[in-house]
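Below: one structure, written as C-alpha cells.
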Amino acid sequence: MYGGGNIFEPLDKSNIKDEDPVKLAEFEARIERGEKIEPTDWMPQLYRKQLIRMIEQHAHSEIIGALPEGTWITRAPGFKRKLALMAKVQDEVGHAQLLYSAAETLGKSREQMINDLINGKSKYSNIFNYPAYTWADCSFISWLVDAGAIVNQVANSKGSYGPYCRALERICIEESFHLKYGHHCVIHLATGTPTQQKMMQEAINRWWPPMMHFFGPPDKISVHTEVLMKWKVKMATNDECRQQFLDMYVPKIWELGLTVPDPIINKNQETGKWDFSEPDWEEFKRVINGDGPCNKERLAVRRMAEERGKWVRDALRNSEEQYVTPLA
Amino acid sequence: MGTGCFKKFRRTVCYTPGIVSMEESLDPRVNRLPGTGEWKQEYEKHSLDQFPTFEVFVQAKEDKPFQHEGIVHAPDSNFAFLFAKEQYSRRYSCSGMWVVNTQNVLVSDYTENSQNIYDTLDLDPEKGPLMPYEVFHLMRRGKQHKHVGRVEASGKNHALMEAKVKFDSDKPVMNTWVVKSSDIFQTQNEHKTIWDTLPLKQFREATDYRGGEKIREFKAKQKE
C-alpha cells in the first residue's frame, strides 16, 4: 500500500547534460519501444537515483503501513477477522521485502535503506503518520488506503524498470484480497447497528483529508515530472491517480449510506472530473517533514525492532561473506 | 466534522484534523516497552547486517520448469529456504523450490537486438573432473530466468560452453546463468506434502469476501 511516485524534493536535472548522448538516446529508444530496463543495462544517473528513492519509499511505506493495522490484530472482531488481518499484515511486510530487493538491484544496500528510514532521512507514505483509533479506522485503511495504493501500483507496474514491475505484479495480485477484505469490513459496519454506522462515518471523516493527501500535491504545484514520465518512472500524475480513486470509490462509499466530509464533492458532468476541496497542503508538508501525530512512534517501533533483533543477526553472522548485488 | 474524543485507559486523546497531538501510543504493547523515547545517536547498521542474498527459483507445478522469482537475505541456505518458502510460496501454488547464494551464479553478458548469447560465447573451458551444473535462460527483457536443464562440466565456463551445444535453439537466448548443482539447496520431491497447506486458507482469497448481498439488502431496507 503506497501513494507511489510522489516527488518530495525538487529534481536535480543538471547531470542529464553530462550523460553520454549516444547511450542516452539508445536508453530512451528502448523505453519508447516498450522494452524493460534490466539491472545490468546502462541508465542515466537521474533514472537510477529517482528509482532508488521511489522504490525505497514504497518499501518503507509497506513496513510502516503495517504498523497501524498490526496494532488491531489482537482486537479485530472475531477469529476470522483476526486471521485475515494477520495474513494481510504479513503480505504488507512481504511486499516490503520484494521492494527492497528491487531497489537493491540498483545499487543501494538494504542496510543503508534501513539506516535512512530509522534516521528519518527517507520518506514513506504520509498517511501512516496518523493514528487508527477504532476498528473502523483499521477497516478504512484496509479498504480505501489499499484502494489508493492499488491505483498507484497498477499504473507503476507498467513502468520501465524490470525488477520493480515484476515485484509490483506480484504485489497487485495479493492486494486484490486486501481490497475485498477491507470492503467487506466496511460493509459490515455500514449496514450494522447505528453505533457501528456512526463509528464508520467518524473514521471516514478522520481519514478523508490524509486520503486526499495520499496521491501527492496537485499537478499544478508539483515539481516537474516530465522527464520521469518520459522514462516511465512515473506513469500517471498525482491528479490522474486522485481522480481515478474518486471515480471508483466515492460512489461505493455513498451506496453504503456513508458520506464524504467535503461539501463540494461531486462529479462534474461537463468536465467528467470530480470537484473536491483541496486538503490542507501545509499540514501535508508539516506532517511529512516529521511533525505528525505518529511520526515519532512509527520510527521508534521500527528502531526498537532493529535493536531487539541485533543479537540474533550478530549470532548468525558469517564474517567470511561478501556482499554482491542481487541479480534480478 | 471529524472531531472526536476517545477514552483510552486513564486519559483522553482529542483529535481534530489539522490539530493533532499524541502523548502515548494507541498500541498498548508499544507503551509497555522501554526505550520509546528519542535517540540521540544516528542508527548505523554495519555492512551485511542483513546477510547476503540468495536467488530463489520456484516450480509452480510439477511439470513446469523452475523459474527465478526473486531474492531473500539469509545467513545460510537453510534459512534462505525458510524465508523463501514464506515469501514466494505463501500465496501461490508451488511444488518445488531451489535457493542459491547470489555469489555462486555465473551470469553471461546480456545481448541486444535478438542476438543469441551463445553466438558470442567462446570461453576456455576449465580442466578437471566433471560435475553437474544447472543452466537457466532468459529469453526476453522483463521476463524471468527459467531452468532449461543440466550439463556435466569441469567449471562454470566449461558449463556455459556445454550449454551452448546442448541448449542452443532457433530462438535467441538473451542471457544465461549457470550454477553448480551442489551449490543449490533443493527441496526433495519426497517431501512434497510441505506445499499442501495452501488451498485450505480461503480467508486469504478475494473470492471469500462477498459483500454484494448485504449491500442489496441494505439498499432495499433504505427504500422502505
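So the protein sequences, as listed, match chains A and B. If you read the first sequence in numbering that gives the first Met the number 0, its first letter stands for residue 0, the second for the next number, and so on. If you read the second sequence in numbering that gives the first Met the number 0, its first letter stands for residue 0, the second for the next number, and so on. Note that CB positions come from ideal geometry on N, CA and C, so glycine has one too. Note that the structure is a prediction, hence the values are computed from the model and not measured.
CB contact check: A:K79 to chain B, cutoff 8 angstroms: The count along the first sequence starts at 1 and reaches residue 79 of chain A at position 80. Interface residue, yes.
C-alpha distance - B:N115 paired with B:K170, whole-angstrom precision: Walking along the second sequence from the start, residue 115 of chain B turns up at place 116. Walking along the second sequence from the start, residue 170 of chain B turns up at place 171. Straight across, the Cα-Cα distance linking B:N115 with B:K170 is about 8 angstroms.
Same chain, Cβ closer than 6 angstroms to A:L245, neighbours up to 5 away in sequence not counted: As a working mapping, residue 245 of chain A is identified with position 246 in the first sequence. Cβ neighbours of A:L245 within its own chain (closer than 6 angstroms, five residues either side excluded): W273.
CB contact check: A:P325 to chain B, cutoff 8 angstroms: What you label residue 325 of chain A is simply residue 326 of the first sequence in a count that begins at 1. With 8 angstroms as the cut-off, A:P325 counts as an interface residue toward chain B.
Helix, strand or coil at A:G106 [DSSP, three-state]: Here residue 106 of chain A is taken as the residue at index 107 of the first sequence, counted from 1. The answer is coil: DSSP assigns A:G106 none of H, G, I, E or B.
Nearest residue (CA-CA) to B:V55, options B:S88, B:V106, B:R31, B:E43: In the second sequence, the residue the question calls residue 55 of chain B occupies position 56. Here the closest residue by C-alpha is B:S88.
Buried versus exposed, by CB contacts within 10 Å (16 or more), B:K220: Within the second sequence, residue 220 of chain B is the residue found at index 221, counting from 1. By the neighbour-count rule (16 or more Cβ atoms within 10 Å), B:K220 is not buried but exposed.
Amino acids of chain A, ordered along the chain, whose beta-carbon sits closer than 7 angstroms to that of B:H72: Here residue 72 of chain B refers to the residue found at position 73 of the second sequence. Residues of chain A passing the Cβ test: R109.
Bounding residues of the beta strand (DSSP E) (the contiguous stretch that carries B:Y132): Taking the second sequence and counting its residues from 1, one reaches residue 132 of chain B at position 133. 130-137 is the extent of the beta strand (DSSP E) around B:Y132.
Local Cβ density within 10 Å of A:F78, reported as buried at 16 or more and exposed below that: Locating residue 78 of chain A in the first sequence gives position 79, counting from the first residue. Under a 10 Å Cβ-count criterion, A:F78 is classified as exposed, with fewer than 16 other Cβ atoms of the shown protein chains found around its own Cβ.
Element boundaries [beta strand (DSSP E), containing B:V55]: In the second sequence, residue 55 of chain B corresponds to position 56, counting from 1. For B:V55, the uninterrupted beta strand (DSSP E) segment begins and ends at 52-58.
Cβ-based neighbour list, A:E319, same chain, cut-off 8 angstroms, excluding 5 preceding and 5 following: As a first step, residue 319 of chain A must be located in the first sequence, where it is residue number 320. Excluding sequence neighbours, A:E319 sits near nothing in its chain.
Any C-beta of chain A under 8 angstroms from that of B:D26: Here residue 26 of chain B refers to the residue found at position 27 of the second sequence. With 8 angstroms as the cut-off, B:D26 counts as an interface residue toward chain A.
Straight-line Cα distance separating A:H57 from A:I51: Looking up residue 51 of chain A in the first sequence gives position 52. Looking up residue 57 of chain A in the first sequence gives position 58. As the crow flies, the alpha-carbon of A:I51 is around 10 angstroms from that of A:H57.
B:Q221 (DSSP reduced to helix, strand or coil): By one-based count along the second sequence, residue 221 of chain B stands at place 222. Looking at B:Q221 - three-state DSSP - the assignment turns out to be helix.
Rounded separation between B:T192 and B:F82 - CA only: What you label residue 192 of chain B is simply residue 193 of the second sequence in a count that begins at 1. What you label residue 82 of chain B is simply residue 83 of the second sequence in a count that begins at 1. Computed Cα separation, rounded: 18 angstroms.
Cβ neighbours of A:W41 in the same chain (closer than 6 angstroms, five flanking residues each side left out): The residue labelled residue 41 of chain A in the question sits at position 42 within the first sequence. Here the set comprises K22.
Chain A contact residues for B:P171, given Cβ-Cβ distances below 7 angstroms: Within the second sequence, numbered from 1, the residue matching residue 171 of chain B stands at position 172. Under a criterion of Cβ atoms nearer than 7 angstroms, no residue of chain A is adjacent to B:P171; the nearest Cβ is some 14 angstroms distant.
Coil, strand or helix - B:H45 by DSSP: Translated into the one-based positions of the second sequence, residue 45 of chain B becomes position 46. In the structure shown, B:H45 sits in coil (DSSP, three-state: anything other than H, G, I, E or B).
Reduced DSSP category for B:R9 - H, G, I as helix; E, B as strand; rest coil: In the second sequence, the residue the question calls residue 9 of chain B occupies position 10. For B:R9, the predicted model reports a pLDDT of 32, less than 50, meaning its position is unreliable and no value from the coordinates is stated.
CB contact flag (A:L255, A:T190, <8 angstroms): Along the first sequence, one-based indexing puts residue 255 of chain A at 256. Along the first sequence, one-based indexing puts residue 190 of chain A at 191. Less than 8 angstroms divides the Cβ of A:L255 from the Cβ of A:T190.
CB contact flag (A:L97, B:G69, <8 angstroms): Your numbering for residue 97 of chain A matches position 98 in the first sequence. Your numbering for residue 69 of chain B matches position 70 in the second sequence. Contact flag set, yes.
Buried versus exposed call for B:H45 [16 or more other C-beta atoms within 10 Å across all chains shown]: As a position in the second sequence, residue 45 of chain B is number 46, starting the count at 1. The residue is exposed, with fewer than 16 neighbouring Cβ atoms inside 10 Å.
Helix, strand or coil at B:T35 [DSSP, three-state]: Numbered from 1 along the second sequence, position 36 holds the residue referred to as residue 35 of chain B. With a pLDDT of 46 at B:T35, under the threshold of 50, the predicted position of this residue should be treated as unreliable, and no value is reported.
Candidates A:E201, A:F213, A:K179: closest to B:Q201 by CA position: Here residue 201 of chain B is taken as the residue at index 202 of the second sequence, counted from 1. Nearest option by C-alpha distance: A:K179.
Residues from the stretch 117-151 of chain A in contact with chain B, defined by Cβ distance under 8 angstroms: Taking 8 angstroms as the upper bound on Cβ-Cβ separation, chain B lies near residues I117, N118, Y129, P130, A131, Y132, T133 of the stretch 117-151 of chain A.
Given A:P67 as reference, the closest of A:H182, A:F139, A:M112 once Cα atoms are compared: Reading the first sequence from its first residue, position 68 is the one you call residue 67 of chain A. Of the listed residues, the one whose Cα sits closest to A:P67 is A:F139.
Neighbouring residues, chain A, relative to B:V106 (Cβ below 7 angstroms): Working through the second sequence from its first residue, we reach residue 106 of chain B at position 107. Near B:V106 (Cβ distances below 7 angstroms), the residues of chain A are L326.
Cβ shell of B:L105 (< 6 angstroms), same chain only, five flanking positions each side left out: Locating residue 105 of chain B in the second sequence gives position 106, where the first residue counts as 1. Once the five neighbours on either side are set aside, the close Cβ partners of B:L105 are K155, V177.
Span separating the alpha-carbon of A:S121 from that of A:N317: The sequence position of residue 121 of chain A within the first sequence is 122, counting from 1. The sequence position of residue 317 of chain A within the first sequence is 318, counting from 1. A:S121 and A:N317 have their C-alpha atoms some 29 angstroms from each other.
Whether A:E110 touches B:Q49 by CB criterion (8 angstroms): To locate residue 110 of chain A, count along the first sequence from 1; it is residue 111. To locate residue 49 of chain B, count along the second sequence from 1; it is residue 50. Result yes, Cβ atoms of A:E110 and B:Q49 sit closer than 8 angstroms.
Residue-level contact to chain A via CB, B:V164, 8 angstroms cutoff: Residue 164 of chain B sits at position 165 when you count from the first residue of the second sequence. Closer than 8 angstroms: no.
Test: B:G148 CB closer than 8 angstroms to a CB of chain A: Stepping through the second sequence from its first residue, residue 148 of chain B is reached at position 149. B:G148 does not count as touching chain A.
Per-residue burial, A:L188 [other beta carbons within 10 Å of its own, 16 or more giving buried]: Within the first sequence, the letter at position 189 stands for residue 188 of chain A. In the assembly as shown, A:L188 is a buried residue. Its beta-carbon has 16 or more other beta-carbons within 10 Å.
Alpha carbon of B:Q185 to alpha carbon of B:E23, nearest angstrom: The residue labelled residue 185 of chain B in the question sits at position 186 within the second sequence. The residue labelled residue 23 of chain B in the question sits at position 24 within the second sequence. A straight line joining the alpha-carbon of B:Q185 with that of B:E23 spans about 48 angstroms.
Ranges of the alpha helix (DSSP H) found wholly within the stretch 50-133 of chain A, counting only runs of at least 4: Annotation note: the stretch 50-133 of chain A contains the following uninterrupted alpha helix (DSSP H) runs of length 4 or greater, listed N- to C-terminal: 78-103, 109-117.
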